[in-house]
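Reading through the structure tokens given below for one structure.
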Amino acid sequence: MKKYIFAFASASFLVACAPKVVVEQEVAPIKEQTETKPEVKYLAGKTLFDANCGKCHDLPHPSQYSKAQWSKIVPSMAKEAKLNAEQENQILLYVQYGAMN
Ligand code: HEC
Numbered sequence: 003m004k005k006y007i008f009a010f011a012s013a014s015f016l017v018a019c020a021p022k023v024v025v026e027q028e029v030a031p032i033k034e035q036t037e038t039k040p041e042v043k044y045l046a047g048k049t050l051f052d053a054n055c056g057k058c059h060d061l062p063h064p065s066q067y068s069k070a071q072w073s074k075i076v077p078s079m080a081k082e083a084k085l086n087a088e089q090e091n092q093i094l095l096y097v098q099y100g101a102m103n
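Just add 2 to the spot in the sequence shown (first one is 1) and you have the working numbering.
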């Protein structure tokens, strides 16, 4: 009889604890993703922008132009700065992220 009580007790202990553990594991990564993803995604572009786009004139601010304007400015300026297509694309992502619209 004691065996059955023990088995029941440990089974309900497992059931009671299981959902809590699962919830914590699921929530943490989602929270992390939404909080850190934008910065991580645009960090490369920001670094390239800061390093290359203030050489010939003052460093512009992304909010000075609209997304449409940036999509014309960045390709022509990437040529000026002798950047490759990958670098151009990362800068474009960054400035459009912070653009006025
Ligand atoms: C080799 C020099 C040089 C580099 C490097 C350079 N620019 Fe320029 N930039 C210019 C010149 C010259 C002008 C003004 C003439 C023009 O608009 O083409 C200009 C103009 C601009 C303007 C004003 C455009 C407008 O229509 O009002 C913006 C914005 C700009 N640059 C952004 C950038 C960005 C972003 C980068 C980095 C990818 C960059 N520039 C790198 C030379 C440079």
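Where a beta carbon is used, it is the ideal one built from N, C-alpha and C, also for glycine.
Cβ pair residue i, residue j closer than 8 Å
| i | j | result |
| --- | --- | --- |
| residue 47 | residue 93 | yes |
| residue 68 | residue 91 | no |
| residue 101 | residue 72 | yes |
| residue 89 | residue 50 | yes |
Range of the contiguous alpha helix (DSSP H) that encloses residue i
| i | result |
| --- | --- |
| residue 91 | 87-99 |
| residue 66 | Here residue 66 belongs to no alpha helix (DSSP H), and DSSP marks it neither H nor E. |
Status (buried if at least 16 other CB within 10 Å, exposed otherwise) for residue i
| i | result |
| --- | --- |
| residue 79 | buried |
| residue 97 | buried |
For residue i, the three-state DSSP class (helix, strand or coil)
| i | result |
| --- | --- |
| residue 47 | helix |
| residue 83 | coil |
| residue 57 | coil |
| residue 102 | coil |
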